[in-house]
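Engineer: Provided herewith is a single structure, encoded as structure tokens, for subsequent inquiry.
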Amino acid sequence: MSTITFDTLKFVTRLKDSGLSDTQSVAITEAFREAHGEAEVATRADIRERELKFEARMSENKAELIRWIIGAGFLQTALIAGLLLKLIGK
Numbered sequence: 001m002s003t004i005t006f007d008t009l010k011f012v013t014r015l016k017d018s019g020l021s022d023t024q025s026v027a028i029t030e031a032f033r034e035a036h037g038e039a040e041v042a043t044r045a046d047i048r049e050r051e052l053k054f055e056a057r058m059s060e061n062k063a064e065l066i067r068w069i070i071g072a073g074f075l076q077t078a079l080i081a082g083l084l085l086k087l088i089g090k
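Residue numbers 1 to 90, in my numbering, belong to the letters of the sequence shown in order.
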């Protein structure tokens, strides 16, 4: 995942301008920076990559499902034909 830059000086200045003391502003900024550094942020490119992988998996699953359905249809047809031949043969 990508990282996003965080301007700590601008953040401290904004907190000071809102009426907090220097110590409070620095403490809040440090806590926010630590929390922000631990967070994983997904970009649009990351999300698009996941979407493409998901779509590829869905296509694979769809193709496999179609193969199973066709195979089950042939099996069912063969079974019915065999039973009919057996009934007619009596």
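Even glycine gets a Cβ: it sits at the ideal position worked out from N, Cα and C.
As an exercise, report each continuous alpha helix (DSSP H) stretch of at least 4 residues that is fully enclosed by the region 15-72, in chain order.
Structural biologist: 22-38
Engineer: Hey, Phe100 and Arg33 are a contact pair by Cβ (cut 8 Å); roughly how many whole angstroms apart?
Structural biologist: Outside the shown range of the chain (1 to 90) lies residue 100, about which nothing can therefore be said.
Engineer: So what's Phe74 in DSSP terms, helix, strand or just coil?
Structural biologist: helix
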